[in-house]
Amino acid sequence: MWRLTLRNPWTFAGLLLAGGAGMLHLTLLVTEVVMGTANPYLNIAFHLVLPVFVFLGLVLIAIGVVRTRRRVRRGELVIPEKGKIPVAGVIGGLVTTFALLIPFLAFTGYSGYQYSESVEFCGQACHLPMGPTFTTYQHSPHASVPCADCHVGEGAWWFVRAKLNGTRQLWSMLTDSFPRPIPTPLEHMRPAGDICKNCHWAEKPHGERLIRRPHFASDEANSPRPVHMTLDLGRTGSVSEPARGIHWHAATDAHFVEYVATDSKRLQIPWVRTNVAGESIVYRSDGLPSDAPPPKGELRVMDCMDCHNRPAHQGDSPQQILDRLLYEGSVASLPFLKREAVALLSAEYETGAEAEEAIRSGLTAYYTEHYPALAQERPREVEAAADAIAEEYALNLFPEMRTDWRVRPNHIGHLETPGCQRCHGGQHQSDGGQVIGSDCRSCHTFMNHPGGTESLVPGDYVHPMPLAGTHAGLACASCHDGGSTPPNTCEGCHAEIDAFVKGELREIASLIEVTPGKHHDLACEDCHAEPERVDATNRRALCLECHDDEIGDVADEWHQEIDGLFAAARNVASKEGRAALEVLDRVGPLHDFEQARALLEWARRGK
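With numbering that gives the first Met the number 0, letter number 221 in the sequence shown gets 220, and the count goes up by one each step, no holes.
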């Protein structure tokens, strides 16, 4: 019987498959015990792949045995008398086989489960798509926390769900169909209450904490401008203890905050509802009454991840990288180092290798050209700075996956991304006139050095460029995006308007013939003294400061003409013309009436 069974191609193939996989598995086991292995792909083969082949081989052997016995019963095969084996022998062989296989399958099953939960498997098995995530994880505050603790957690259902999702991700990896970049936030992340609160005690009153943020200007001296402030962290609260401070926002049994995000990254939040002690208040930024249906989008109850959305995978911006390197003394304070390095880090590259070469050569070339004496006297400092900055690029920016700080905004704070000001921007108002506050002092107390002294004195934040008028209400992220910052001048931030006034705006100059306007030689402050917005209520008075009474009437006629041309042009303009109108709307026709009139006439003709 067994001789006939071995001649069965199914059984023979199963013996080869199970035996070969088993021997290779045993070899890798000895290698791992004696020498240790650091290759994630060999570990995948040992823990996950080879046990499957052993099991498949056993299945083929079983199929061969069953097929042979059926052929014997049908009389297609005749077993010689001496080839017959007693039933007891068959049963004993099966028992022995299973007694040997069960420990093996138990060991491989458990080791496979353990390996599938390991940091090595999560971070290194899918090298390209997981590269940014694993790299940033390794130098994050949660680097000692295994991936599965947050991404899987406890419970059979979440384990099964994670493995099913992992199967889909494996298929996208094998077929090279994964998106670049990987979309965030993750759709299948379990609630923060199941994860974060296992380690963090949000109910604990933290009070105020002094924060020192290193910051350096982009001037020649890389002037230090540290920011000292306190943060009122507070606590989440409970039924008996009221919530306060920043942690007030986290949901508890006593209160919670809901919001609707209309975009996938949760940056646009036009609807917010607070629920405190059974009382609900709706705040909206879309101008609709509170009892109107919420806008279409994702409705969420705010939790830890709505602010701490990059706890283990934060990629620093170029500004943050240079501030940290200069503060730590990792690079020498070379002239304009921050400005030039931030520009190189912010540039677009196709690969990490291309970026590394561009950063090293670009920084060296800058000092060779602009500071030749320094380049000759301090070549090692220039080289060390280039090395450190190129290394930081590899740790924080990933062009192959099209991932950087711009793609994955960090909602903690609001300096370089909207963050807190997604809701605390002064735009959300209730029917009763209540506004979600945007006052810095709600959460911060800034500490200043009066008169350059060493002592810290509480006060308002002192911005390097005075913020007044319309600039006083600007969100920080509208100017600070983590990359190169414009000069602290009107033209630095409003370069498009400046080009329009000078007749050099490419989007318009390519369509019509333009020349510098009549007011191209005026300083911005001549009209924007506060600075304040020029509109219908004050433009006549501004004109009369330099012109006689007649020009005021003429200016009013010009504005009426421009408004009429705008309305007419919008209805007939071509696609190219509509794009030009959008540009004109941004720069404001007030800055050059004649150029605006010419463009609107051109667009009105259907061009």
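Ideal Cβ positions, reconstructed from N, Cα and C, are used throughout, including at glycine. Bear in mind that the values here come from a model prediction, so they are computed numbers and not experimental data.
Residue i versus residue j: straight-line alpha-carbon distance, rounded
i: residue 82; j: residue 71; result: No answer about residue 82 holds up, because its pLDDT of 49 lies below 50 and its placement is not dependable.
i: residue 0; j: residue 10; result: A caution first: residue 0 carries a pLDDT of 49, below 50, which makes its placement in the model unreliable, though a value can still be read off. Those two C-alpha atoms are separated by around 13 Å.
i: residue 247; j: residue 426; result: 20 Å
i: residue 51; j: residue 13; result: 12 Å
i: residue 579; j: residue 515; result: 18 Å
i: residue 523; j: residue 501; result: 12 Å
i: residue 312; j: residue 139; result: 7 Å
i: residue 268; j: residue 181; result: 22 Å
i: residue 526; j: residue 565; result: 24 Å
i: residue 559; j: residue 569; result: 16 Å
i: residue 230; j: residue 242; result: 15 Å
i: residue 482; j: residue 319; result: 9 Å
i: residue 252; j: residue 309; result: 25 Å
i: residue 294; j: residue 261; result: 7 Å
i: residue 205; j: residue 233; result: 5 Å
i: residue 328; j: residue 316; result: 18 Å
i: residue 167; j: residue 432; result: 49 Å
i: residue 488; j: residue 521; result: 14 Å
i: residue 462; j: residue 176; result: 47 Å
i: residue 106; j: residue 53; result: 13 Å
i: residue 210; j: residue 223; result: 16 Å
i: residue 395; j: residue 115; result: 26 Å
i: residue 385; j: residue 363; result: 7 Å
Beta-carbon contacts of residue i that lie in its chain and below 6 Å, excluding the five residues immediately before and after
i: residue 348; result: 354 and 398
i: residue 408; result: 416
i: residue 146; result: 118 and 121
i: residue 413; result: 419, 420 and 475
i: residue 57; result: 17
i: residue 8; result: none
i: residue 491; result: 485
i: residue 345; result: 317, 482 and 483
i: residue 191; result: 302, 303 and 304
Residue i: first and last residue of the uninterrupted alpha helix (DSSP H) it sits in
i: residue 58; result: 49 to 72
i: residue 585; result: 574 to 586
i: residue 338; result: 336 to 345
i: residue 228; result: Not the alpha helix (DSSP H): residue 228 falls in the beta strand (DSSP E), residues 226 to 231.
i: residue 494; result: 494 to 500
i: residue 369; result: 351 to 369
i: residue 257; result: Not the alpha helix (DSSP H): residue 257 falls in the beta strand (DSSP E), residues 254 to 260.
i: residue 410; result: First-last for residue 410: undefined, no H or E at that position.
i: residue 120; result: 118 to 123
i: residue 150; result: 146 to 150
i: residue 510; result: From DSSP, residue 510 is part of no alpha helix (DSSP H); its letter is neither H nor E.
Residues near residue i in its chain [Cβ-Cβ closer than 8 Å; skip 5 each side]
i: residue 256; result: 248, 250, 271, 272, 273, 274, 300 and 301
i: residue 437; result: 420, 423, 424, 425 and 472
i: residue 132; result: 122, 181 and 312
i: residue 61; result: 13
i: residue 383; result: 330 and 331
Run of the beta strand (DSSP E) containing residue i, from where it starts to where it stops
i: residue 300; result: 297 to 300
i: residue 272; result: 270 to 275
i: residue 397; result: Premise fails: residue 397 is in no beta strand (DSSP E) and is neither H nor E.
i: residue 482; result: Per DSSP, residue 482 belongs to no beta strand (DSSP E) and is neither H nor E.
i: residue 457; result: 456 to 458
i: residue 129; result: No beta strand (DSSP E) contains residue 129, which is instead part of the alpha helix (DSSP H) from 126 to 137.
i: residue 280; result: 278 to 283
i: residue 592; result: Not the beta strand (DSSP E): residue 592 falls in the alpha helix (DSSP H), residues 592 to 603.
i: residue 518; result: No beta strand (DSSP E) holds residue 518; DSSP gives it neither H nor E.
i: residue 444; result: 443 to 447
Supposed contact pair residue j and residue i - C-beta distance, whole angstroms, cut 8 Å
i: residue 507; j: residue 499; result: 7 Å
i: residue 15; j: residue 55; result: Not really, about 11 Å apart at Cβ, beyond 8 Å.
i: residue 306; j: residue 195; result: Not confirmed; about 11 Å, so no contact.
i: residue 373; j: residue 366; result: 6 Å
i: residue 358; j: residue 336; result: With 8 Å as the limit, residue 358 and residue 336 do not qualify as a contact, their Cβ atoms being about 12 Å apart.
i: residue 217; j: residue 341; result: 7 Å
i: residue 351; j: residue 393; result: 6 Å
i: residue 179; j: residue 401; result: 5 Å
Cut-off 7 Å between Cβ atoms - residues of its own chain near residue i, not counting five sequence neighbours on either side
i: residue 322; result: 213, 214 and 215
i: residue 429; result: 280, 281, 282 and 289
i: residue 557; result: 592
i: residue 23; result: 49
i: residue 509; result: none
CB contact below 8 Å: residue i versus chain D
i: residue 318; result: Checking the listed chains, one finds no chain D in this structure; it contains a single protein chain.
- 4 or more residues per run - each alpha helix (DSSP H) lying fully within the region 163 to 213: 191 to 194
- Task: Scan the region 289 to 333 and note each continuous beta strand (DSSP E) run of 3 residues or more that stays entirely inside, going in chain order.
- Result: 297 to 300
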